[in-house]
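Anchor point for the sequence shown: position 641 equals 643 in the working numbering, and the numbering is continuous, going up by one each time. By construction, the Cβ of each residue, glycine as well, lies at the ideal position given by its N, Cα and C atoms.
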Amino acid sequence: MFVRTPLAIATALVLLLPAPTRAESANQADSRQLDRIIVTATRSTQTVAGVPASASVIAHEELQQYPVLDMADALRGLPGVSLQGIGQARRGISVRGLDPAYTVTLVDGLRVNSSGNVMAHSDFDFGWVPVEAIERIEFVRGPMSSLYGSDALGGVVNLITRSATDEWHGSGSLNAGWRKPEAGGDWWQAAAYAAGPLVQDKLGFSVFAESRSQDKGFDAFNPAITRFEGRKARTGSAVLSWTPDARQRVDLRMLAGKDLRNRHVALTGPRPSSYETLDTLHRRLYALSHRGEWGWGQSQFHVMRATLDKDNWRSQGIAQGRQKMRDDNIGGHAGLDLGSQHHLTLGGEWRREAIEDVLVNRQGRDQSVQRALFWQDEIRFNPEWSLVIGSRYDQHDRFGSHHSPRAYLTHALGHGWTLKGGAGRGFRAPALKQMSAEYTATIAGAFVLHGNPDLQPETSTSYELAANWQGTHAHMDMAVFDNRLDNLIQSVCIAKCNLRGQLATRTYQNVERARTRGFEISAGQQIGSDWHIGGSYTYVDARDISQQRKLRLRPHHNASVRLGWQPHETLTLALRGEYIGRQVDYPTRGPLLEIPGGTRWHLDARWQASPTLAVRGGIENISNARQNLSDLAYPYPEFGRTFHIGLNLAF
């Protein structure tokens, strides 16, 4: 059972440690998590302790302690987070047991188009910004459709990038990881960042670039197919910042990337074989934004375009046609200080989503337009009590309007304690393919799938009660939550069902109801001047109410722990552990599958050789635990033992 695992015992110890009385150390920042600043939850500046939401902030320094190749690696181990297989050996981020599609990704507050709405098995939203360019990651758990609209049922991830300052500065990194030769999956990563003034106090410039590569890893039981794909990716960005005066800033941004994904896939039939397939992706983001600080409050405005193109090649059979998606977005909001008790936020957004795909309809293209208005009032009754209420009205040209209200109450109890709770509604609009009456696709040679123009949005109603405590050398954060989801979109068989030798006919329908409920807890504790321990635990009960069964691939238990030791001001050592609990799956044929849980341990070391040079190394998955090898039903491949080394240079 979970409670008998060493990781569970270590996590429990975090919660039982007494507050220390010794001096602070370099690890103290880890214990001040709740004092960090966050803007995503309300579009105004708050601390994590007092923000009207459950939230976490990951600082740039934390991301440099261990290998972080994408956003999934960065968020792994946070309370409420589990990784979920999304097909083709790729991972998605599930928040509180919800589908990975229910989390919105932002870059500096700008929405990144959700590629999963158009492209199957997509994790392409995870690689927009390399670690070198990230100042911090803000992660808000719970429905945020009242501010961010469709898809924000589970939460919001905001990647805040490093910006130009009054002096030139920069950094570069080179990292590599390797496994035993027969396992494959060796990787390397190189990144650089620089920023500074072009015209002092007027014009600034920042730029970053990253290149990374990962070898394919072949299946131990069938060497003709890959267990995880090969990858070569390049990403770059440039931002020009103009500050006409001390109160205003205008940013012109361009981001571009190319991503190659290569894998070998099994071909079933009387003569089983395999074929090679290559996905080539190009992504672009162009944005112009303005921020102002005025006597009456603050304002932000942006206009942006994000594009993603995918081409497919395969050595046998018919390759998928080119897929393109484009997201145009114009929006803004203003924050008004109405006396000492009210901060009112008013905003609006216009968004056009367009796709090109030969399967979507006879024209091979489609689009939808959404318009939205939102408001939010942050009411401070006194220093102890505050209330946030707000709502967003979305008008969609296909299914009509949707209303997303939210209310959240916060009470500062004193002695470092804060109690808070609230409720909110979220929604997710159907994808263009799902809504197209002409969409027809043959899926895996098993059935024909049609779109449905009568689909309605998926909706959620969520409640949470949370408490946190911030001490001088320790913190603790806990929450209980309940999410109820309606109108979940599923493909339903409508003709030739279960007839051997015939293709079934399926279509999308709003048929499913689900509920996820549970609790999460995280804590950090400074022990003397040299040691720090932190950890998190999440319990989720995710159930399909329509069919009275557990939701597939949702582990009941997720836990993580980190023990850090700083024997010298230039040397940091850390032992990390993570536990993923038992899951279930429902195969098309055969009985229910129970997928066992497992524990993985990692060791990290970082030496600050000089003020500008740091050396990092360690071992991921020390015990070589491989759930995907011990149980073939495991939803995504976990890498075996990996040795890694890295260099960071700053100027």
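Name the two residues that bound the continuous alpha helix (DSSP H) containing residue i.
| i | result |
| --- | --- |
| LEU65 | 62 to 65 |
| LEU77 | 73 to 77 |
| LYS435 | 434 to 437 |
| SER148 | 147 to 150 |
In whole angstroms, what separates the C-alpha of residue i from that of residue j?
| i | j | result |
| --- | --- | --- |
| ARG236 | GLY259 | 5 Å |
| VAL494 | GLN511 | 7 Å |
| VAL241 | SER165 | 8 Å |
| THR572 | ALA192 | 23 Å |
| ALA222 | ALA91 | 14 Å |
| GLY648 | HIS284 | 28 Å |
| SER239 | PHE210 | 5 Å |
| PHE220 | LYS204 | 53 Å |
| ARG293 | VAL252 | 7 Å |
| SER173 | GLU64 | 15 Å |
| ALA652 | HIS171 | 8 Å |
| LEU108 | VAL114 | 6 Å |
| LEU257 | GLU355 | 19 Å |
| SER317 | GLY99 | 37 Å |
| LEU555 | GLN549 | 16 Å |
| GLU640 | LEU575 | 24 Å |
| ALA25 | HIS570 | Confidence at ALA25 is low in this model, with a pLDDT of 34, below 50, so its placement is unreliable and the value that follows should be read with caution. Distance between the alpha carbons of ALA25 and HIS570: 15 Å. |
| ALA425 | THR228 | 44 Å |
| GLY599 | ALA226 | 28 Å |
| ARG364 | LYS435 | 12 Å |
| THR282 | ASP329 | 19 Å |
| SER632 | GLY118 | Its pLDDT being 47, under 50, SER632 is placed unreliably in this model, and the value from its coordinates should be taken loosely. Looking at the two C-alpha atoms, the distance is approximately 29 Å. |
| ASP101 | ALA248 | 43 Å |
| VAL390 | GLY52 | 12 Å |
| ARG373 | THR309 | 20 Å |
| PHE4 | LEU595 | Note on PHE4: pLDDT 39, under 50, position unreliable in the model; no value is reported. |
| LEU361 | ASP311 | 15 Å |
| LEU451 | ARG508 | 5 Å |
| ILE95 | ASP125 | 9 Å |
| THR23 | GLY89 | Any reading at THR23 needs caution, since the residue's pLDDT is 37, under 50, leaving its predicted position unreliable; the model's value is listed next. For THR23 and GLY89, the distance between alpha carbons rounds to 50 Å. |
| PRO593 | LEU375 | 48 Å |
| GLU358 | GLY366 | 6 Å |
| GLY79 | SER538 | 7 Å |
Quick test of your reading: residue i and residue j, contact by CB under 8 Å. State the CB separation rounded to the nearest angstrom.
| i | j | result |
| --- | --- | --- |
| ILE39 | ILE139 | About 13 Å separates the two Cβ atoms, so there is no contact after all. |
| VAL106 | ASP153 | 5 Å |
| GLU580 | ARG602 | 5 Å |
| ASN560 | ILE582 | 6 Å |
| LEU287 | MET306 | 7 Å |
| TRP189 | ARG214 | 7 Å |
| GLN35 | VAL50 | 6 Å |
| ASP217 | PHE128 | Not really, about 19 Å apart at Cβ, beyond 8 Å. |
Starting from residue i and walking both ways along the beta strand (DSSP E), at which residues does that stretch end?
| i | result |
| --- | --- |
| ILE136 | 136 to 143 |
| LEU348 | 344 to 358 |
| LEU332 | Note that residue 332 is Ile in the sequence shown here, rather than Leu. Unbroken beta strand (DSSP E) run through ILE332: 325 to 340. |
| TRP296 | 275 to 296 |
| PHE230 | 228 to 230 |
| HIS452 | 449 to 452 |
| LEU205 | 205 to 216 |
| ILE381 | 367 to 382 |
| TRP668 | For residue 668 there is no data in the structure shown, the boundaries of the chain being 3 and 653. |
| SER84 | 83 to 87 |
| HIS477 | 476 to 497 |
| THR463 | 460 to 472 |
| SER116 | Premise fails: SER116 is in no beta strand (DSSP E) and is neither H nor E. |
| SER96 | 93 to 97 |
Check: Looking at C-beta atoms only, is the number of pairs between the segment 397 to 411 and the segment 177 to 195 that lie closer than 8 Å three or more?
Finding: no
Next item on the list: Flag this pair as touching only if the segment 193 to 201 and the segment 614 to 623 have three or more C-beta atom pairs under 8 Å; answer yes or no.
Entry: Using a Cβ-Cβ distance cut-off of 8 Å, the segment 193 to 201 and the segment 614 to 623 are not in contact, since fewer than three pairs of beta carbons, one from each stretch, lie closer than that value.
Check: Between the segment 540 to 558 and the segment 81 to 90, are three or more C-beta pairs nearer than 8 Å?
Finding: yes
Notebook entry, point to check: Taking three-plus beta-carbon pairs below 8 Å as touching, is the segment 429 to 444 in contact with the segment 463 to 472?
Noted result: no
Check: At which residue ranges does the segment 385 to 412 contain complete beta strand (DSSP E) runs of 3 or more residues, listed in the order of the chain?
Finding: Counting whole runs of 3 or more residues, the segment 385 to 412 contains the beta strand (DSSP E) stretches 387 to 398.
Note to self: Three or more C-beta pairs under 8 Å: does that hold for the segment 343 to 352 against the segment 158 to 173?
What the structure shows: no
Checklist line | Complete runs of the beta strand (DSSP E) confined to the segment 573 to 646 [at least 3 residues] | finding: 573 to 582, 585 to 587, 595 to 597, 600 to 610, 615 to 622
Next item on the list: Would you check if there are 3 or more beta carbon pairs closer than 8 Å linking the segment 321 to 329 to the segment 337 to 345?
Entry: no
Check: Counting pairs of Cβ atoms below 8 Å between the segment 519 to 526 and the segment 474 to 484, do you hit three or more?
Finding: yes
Check: Counting pairs of Cβ atoms below 8 Å between the segment 140 to 151 and the segment 393 to 406, do you hit three or more?
Finding: yes
Check: Is the segment 41 to 50 touching the segment 454 to 468 in the sense that three or more CB pairs, one from each, lie closer than 8 Å?
Finding: no
Next item on the list: Quick one: which unbroken beta strand (DSSP E) runs of 3-plus residues sit fully inside the segment 511 to 553? Chain order, please.
Entry: 533 to 546
Next item on the list: Let me know the alpha helix (DSSP H) ranges lying completely inside the segment 297 to 326, each 4 residues or longer, listed in chain order.
Entry: none
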